[in-house]
Amino acid sequence: MQKQQVIVRAGFDDARVSTILVEPPKSQNHPSPDPALAEYWPEVLRGFDELTTSLRRLDSEGILATRLRRFEQCTVRMVTRPTEVYAELTAMLWHPASLHNPEPARQRATELLTKMAENVRLAPNDPVVIEAEIEELLEGDIPYFSGVVREGTFSGPRGTQWLPQSNLTEATLKNWRAADFILERSVIQASLVSAYINDGWTSGGPTGFAKQARGGDLDKRRRRQAAEIVRRIMNDAIRGEDGTVAWIAPVLSPTGWAVQPLDVDLYNGISGVAVLLGAYLHEAAAGHADPVDGVDQLFAATFRTLERAEQMYERGLRAGVKKRPAPPGAYIGLGSQIWAYLILSHWHSNGDDGLERACKLAEQIPEATEIDERNELLCGTAGAIAPLLMLSRRTGDQSYTRVASQLGDLLQERATYQNGKACWKEETFAPEGLGGFAHGVTGIGWALAHLARATGNTKYRELAQKAFAFEDSLFDEGDQNWRDLRGLEGPKTAAAWCHGSVGIGLAHLNLDPKLSQPKTRRLLRQASSATWRIGMGRNQCPCHGNLGAWELLRCATAAGEAPEDLDESHLLDVILTSLEQDGPSSGLGGNVFPPGLLPGAGGIAYQLLRAHPKHNLPSILTPGEEELSALESFPAVVEQCPN
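First residue of the sequence shown: 28, per my numbering; consecutive thereafter.
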């Protein structure tokens with residue numbers, strides 16, 4: 028159904044314009060009357076495989092090059108920049124203020140087109156060509172270029188020329204022969220995520236839950252699965268000539284899901300991969316994981332990539348480039364990078380450099396929180412509090428605690444209060460507020476509780492209690508679980524780390540690890556019961572799958588509050604059996620292999636490392652100050668990264 032404006036009660040004196048829902052007509056410009064891409068995804072992949080196989084066969088027989096020569100005499104046209112860019116620049120150049128004083132507008136257009144050429148390969152960077160593009164825009168035309176395929180040079184606006192002479196047919200065939208078809212297939216496969224998951228689509232692939240445990244040597248099986256995941260992450264890495272590394276995968280950002288190179292965050296970015304690799308090296312050195320060749324070099328490359336990203340940002344600032352600050356969150360944003368650097372500094376012999384970079388990142392937090400609209404732990408204001416407290420403890424600099432207090436004050440100002448409860452509303456994402464750890468009141472209350480302990484300020488403790496009161500109001504006695512206010516189709520309660528019982532249980536256990544409060548024990552019992560009942564089987568990842576549930580259920584088992592007849596060995600056996608049967612699924616589409624720490628295979632491997640009874644790794648599901656003290660005995664297991 029789609030909205031349509033109509034005149035209601037036409038012909039009467041109370042006629043008015045209103046909006047109704049109507050069934051949209053079938054579109055005539057799609058390849059199918061029902062163009063639901065998710066339904067055709069196997070055929071899309073099969074088509075890619077068949078076409079690639081056919082083209083490679085023709086090439087091996089010497090036929091492909093001959094057939095492509097037929098195109099060498101063709102004249103082709105090319106628009107080298109998105110038409111939206113040209114349209115926006117035209118609007119600026121034709122603005123009355125620009126017509127009155129045109130030189131600043133022309134200079135700004137020149138700067139923007141020059142900057143764009145640094146990031147878009149086909150965009151012209153020749154000042155003469157850029158000047159001609161602007162002249163074309165001043166006449167109201169979209170600049171385009173044309174040329175003959177066998178010549179390669181394109182004629183542009185005002186008689187300009189762009190690109191060197193070359194046979195484009197031969198160049199295209201050469202580039203195609205050098206293509207990484209496995210990578211291209213993976214990108215096509217993963218792109219279903221960006222096409223549908225933002226609309227609530229979920230994979231119909233393997234359930235990720237074995238009905239019957241296999242038994243056998245649990246430690247040997249655990250080691251094998253962790254090592255296989257790390258090897259796959261290494262094989263999927265795209266290595267740069269400058270020693271940096273990248274992966275292309277489904278990535279969550281504050282604006283939603285997309286298939287793109289990994290960013291620098293902890294949740295599904297390079298920081299998270301670095302934490303996994305550092306943890307693997309540490310556990311392998313302790314004899315808790317099987318050695319995998321090349322992990323140390325890849326770890327060094329991820330650390331170098333993070334350093335290069337920071338250096339690029341700093342160069343931009345020195346050059347006067349205005350950039351929107353990264354979000355402040357504990358998983359996506361500045362807080363996540365600070366936490367990662369503090370952890371990585373324990374595994375890296377050049378730990379002071381990581382600490383210095385964490386301090387520089389912290390300088391950006393006040394500006395980032397001023398424009399933040401989410402408030403949540405994952406990517407919002409609350410997420411920066413715990414990393415700042417960790418940084419304050421590590422450096423002994425109380426200014427970071429003062430900044431964290433300022434964030435607590437912001438959360439106090441932004442909260443909505445009613446009947447002793449507090450929540451944080453967001454117009455499109457959380458119009459009624461949300462429960463849960465990553466996005467809702469549980470995570471915000473958890474951060475405020477840690478802030479209250481660090482500062483001794485009762486107002487933060489009181490606000491945390493009001494947040495937890497809102498959480499309590501969401502508990503459904505009938506379902507014995509917490510309601511999910513996102514309004515999604517399906518069950519009204521959730522049992523994951525990001526939303527629901529797993530995150531709620533872990534947050535309260537983190538605040539009261541000795542179960543000194545009766546409420547904590549009761550809540551742990553409720554959360555573990557709901558998690559075992561409905562939280563297992565979606566996939567394996569920590570964020571919304573089995574290995575997030577595993578952490579809560581393992582803690583509940585140790586505390587004697589787990590569901591009846593559930594023991595830790597059986598739980599791990601079930602998870603390992605599921606991995607052996609279905610592979611490391613993450614709920615992002617069949618056979619998609621994201622390396623991310625929370626929503627991907629990286630987190631599965633990390634949790635398997637933590638499944639060793641003598642592991643010495645911090646939890647990635649409650650990244651707080653106490654995690655840092657657990658690492659004090661960590662040796663530096665990787666030599667200093669080369670410059």
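Backbone N, C-alpha and C define an ideal beta-carbon position, used for all residues, glycine too.
Requested in this report: Express the C-alpha separation of L85 and G671 in angstroms, rounding to a whole number.
Outcome: No statement about residue 671 is possible, as the shown extent of the chain runs from 28 to 670 and does not include it.
Requested in this report: Inspect the beta-carbon positions of E99 and N202 and report whether they are closer than 8 Å.
Outcome: The residue given as residue 99 occupies position 72 in the sequence shown. The residue given as residue 202 occupies position 175 in the sequence shown. Contact: no.
Query raised in the report: Rounded to the nearest angstrom, how far is the Cβ of A413 from that of T396, given a contact under 8 Å?
Result: Here residue 413 corresponds to residue number 386 of the sequence shown, with the count starting at 1. Here residue 396 corresponds to residue number 369 of the sequence shown, with the count starting at 1. So it is not a contact: roughly 14 Å between Cβ atoms.
Requested in this report: Would you check if the stretch 555 to 563 and the stretch 534 to 546 touch, i.e. whether three or more CB-CB distances between them fall below 8 Å?
Outcome: no
Requested in this report: Measure the alpha-carbon distance for G505 versus D511 and round it to whole angstroms.
Outcome: Counting from 1 along the sequence shown, the entry for residue 505 is found at position 478. Counting from 1 along the sequence shown, the entry for residue 511 is found at position 484. Each residue's Cα considered, the two are about 14 Å apart.
**Report entry** L490 vs A431 beta-carbon contact at 8 Å
**Finding:** Counting from 1 along the sequence shown, the entry for residue 490 is found at position 463. Counting from 1 along the sequence shown, the entry for residue 431 is found at position 404. Against a cut-off of 8 Å, the Cβ pair of A431 and L490 comes out as no contact.
Requested in this report: Answer yes if the stretch 348 to 360 comes into contact with the stretch 275 to 290, meaning at least three C-beta pairs across the two stretches below 8 Å, and no otherwise.
Outcome: yes
**Report entry** The alpha helix (DSSP H) enclosing Y487, as first and last residue numbers
**Finding:** By 1-based counting over the sequence shown, the position of residue 487 is 460. That run of the alpha helix (DSSP H) goes T485 to S500.
Report task. Classify C101 as buried or exposed, calling it buried when 16 or more other Cβ atoms lie within 10 Å of its own Cβ. Result -> Here the question's residue 101 lines up with position 74 in the sequence shown. With fewer than 16 Cβ atoms within 10 Å of its Cβ, C101 is classed as exposed.
Query raised in the report: What are the complete alpha helix (DSSP H) segments, minimum 4 residues, inside the stretch 260 to 318?
Result: 297 to 312
Query raised in the report: Are three or more beta carbon pairs between the stretch 579 to 597 and the stretch 545 to 556 nearer than 8 Å?
Result: yes
Query raised in the report: When we look at the beta-carbon of H57 and count the other beta-carbons within 10 Å, is it buried (16 or more) or exposed?
Result: Taking the first residue of the sequence shown as 1, we reach residue 57 at position 30. Burial call: exposed.
Query raised in the report: Which of helix, strand or coil does DSSP assign to G630?
Result: The sequence position of residue 630 within the sequence shown is 603, counting from 1. In the structure shown, G630 sits in a helix (DSSP, three-state: H, G or I).
Report task. Classify A205 as buried or exposed, calling it buried when 16 or more other Cβ atoms lie within 10 Å of its own Cβ. Result -> Residue mapping note: residue 205 aligns to position 178 of the sequence shown, counting from 1. Exposed is the call here.
Query raised in the report: Roughly how many angstroms separate the alpha carbons of R177 and T196, rounded to a whole number?
Result: As a working mapping, residue 177 is identified with position 150 in the sequence shown. As a working mapping, residue 196 is identified with position 169 in the sequence shown. Rounded to the nearest angstrom, the two C-alpha atoms are 7 Å apart.
**Report entry** Three-state secondary structure assigned by DSSP to S612
**Finding:** For this step, residue 612 is matched to residue 585 along the sequence shown. Coil.
Requested in this report: Taking the CB atoms as reference points, tell me whether V71 and I215 lie closer together than 8 Å.
Outcome: Within the sequence shown, the letter at position 44 stands for residue 71. Within the sequence shown, the letter at position 188 stands for residue 215. Closer than 8 Å, so yes.
Query raised in the report: So, helix, strand or coil for P233, using DSSP?
Result: Taking the first residue of the sequence shown as position 1, residue 233 is located at position 206. Note on P233: pLDDT 43, under 50, position unreliable in the model; the coordinate value appears next. It is coil, neither helix nor strand.
**Report entry** A476 to L404 span [Cα, whole Å]
**Finding:** Along the sequence shown, one-based indexing puts residue 476 at 449. Along the sequence shown, one-based indexing puts residue 404 at 377. About 13 Å.
Query raised in the report: If you draw a straight line from the C-alpha of A442 to the C-alpha of E337, how long is it?
Result: Here residue 442 refers to the residue found at position 415 when the sequence shown is read from its first residue. Here residue 337 refers to the residue found at position 310 when the sequence shown is read from its first residue. Roughly 33 Å between the two C-alpha positions.
Query raised in the report: What is the rounded straight-line gap between the Cα of R148 and the Cα of K142?
Result: Residue mapping note: residue 148 aligns to position 121 of the sequence shown, counting from 1. Residue mapping note: residue 142 aligns to position 115 of the sequence shown, counting from 1. The straight-line gap from Cα to Cα measures roughly 12 Å.
Query raised in the report: The beta strand (DSSP E) with C525 in it runs from where to where?
Result: For the purposes of this step, residue 525 is taken as the residue at position 498 of the sequence shown. Note, C525: premise wrong, no beta strand (DSSP E); not H, not E.
Query - Inter-stretch contact at 8 Å, needing at least 3 Cβ pairs: the stretch 239 to 249 / the stretch 591 to 601 - result: yes
Query raised in the report: Helix, strand or coil for P355 per DSSP?
Result: Along the sequence shown, read from residue 1 onward, the residue named residue 355 stands at position 328. P355: strand per DSSP, three-state reduction.
Requested in this report: Spell out the partners DSSP gives S173 in its beta bridges.
Outcome: Reading the sequence shown from its first residue, position 146 is the one you call residue 173. DSSP output for S173 lists R104 and S182 as bridge partner(s).
Query - Boundaries (first-last residue) of the beta strand (DSSP E) holding Q433 - result: Here residue 433 corresponds to residue number 406 of the sequence shown, with the count starting at 1. Careful: Q433 lies outside any beta strand (DSSP E), inside the alpha helix (DSSP H) at S426 to R441.
Report task. Please state whether DSSP places G517 in a helix, a strand or coil. Result -> Taking the sequence shown and counting its residues from 1, one reaches residue 517 at position 490. Reduced to three states, the DSSP call for G517 is coil.
Query raised in the report: From the beta carbon of Q188, is the nearest beta carbon of chain B less than 8 Å away?
Result: In the displayed structure, chain B is absent; only one protein chain is listed.
Query raised in the report: Span of the beta strand (DSSP E) holding K546?
Result: On the sequence shown, residue 546 is found 519 positions in, with the first residue counted as 1. Element bounds for K546: not the beta strand (DSSP E) but the alpha helix (DSSP H), P545 to I561.
Query raised in the report: In whole angstroms, what separates the C-alpha of I169 from that of R212?
Result: Locating residue 169 in the sequence shown gives position 142, where the first residue counts as 1. Locating residue 212 in the sequence shown gives position 185, where the first residue counts as 1. So the alpha carbons of these two residues sit roughly 34 Å apart.
**Report entry** Supposed contact pair A253 and A313 - C-beta distance, whole angstroms, cut 8 Å
**Finding:** Counted from its first residue, the sequence shown places residue 313 at position 286. Counted from its first residue, the sequence shown places residue 253 at position 226. In fact, because the Cβ distance is near 13 Å, the residues do not count as touching under 8 Å.
Query - First and last residue of the uninterrupted alpha helix (DSSP H) at T196 - result: In the sequence shown, counting from the first residue as 1, residue 196 sits at position 169. First-last of the alpha helix (DSSP H) with T196: L195 to R204.
Query raised in the report: Counting pairs of Cβ atoms below 8 Å between the stretch 383 to 390 and the stretch 319 to 328, do you hit three or more?
Result: no
**Report entry** Alpha carbon of V33 to alpha carbon of A42, nearest angstrom
**Finding:** Here residue 33 refers to the residue found at position 6 of the sequence shown. Here residue 42 refers to the residue found at position 15 of the sequence shown. V33 and A42: Cα-Cα distance of roughly 10 Å.
Query raised in the report: Less than 8 Å separating the beta-carbons of L574 and I602?
Result: Taking the sequence shown and counting its residues from 1, one reaches residue 574 at position 547. Taking the sequence shown and counting its residues from 1, one reaches residue 602 at position 575. Yes. Within cutoff.
Query - Alpha-carbon spacing of L434 relative to R401, whole angstroms - result: Position 407 of the sequence shown, counted from the first residue, corresponds to residue 434. Position 374 of the sequence shown, counted from the first residue, corresponds to residue 401. Straight-line Cα distance between these residues: approximately 13 Å.
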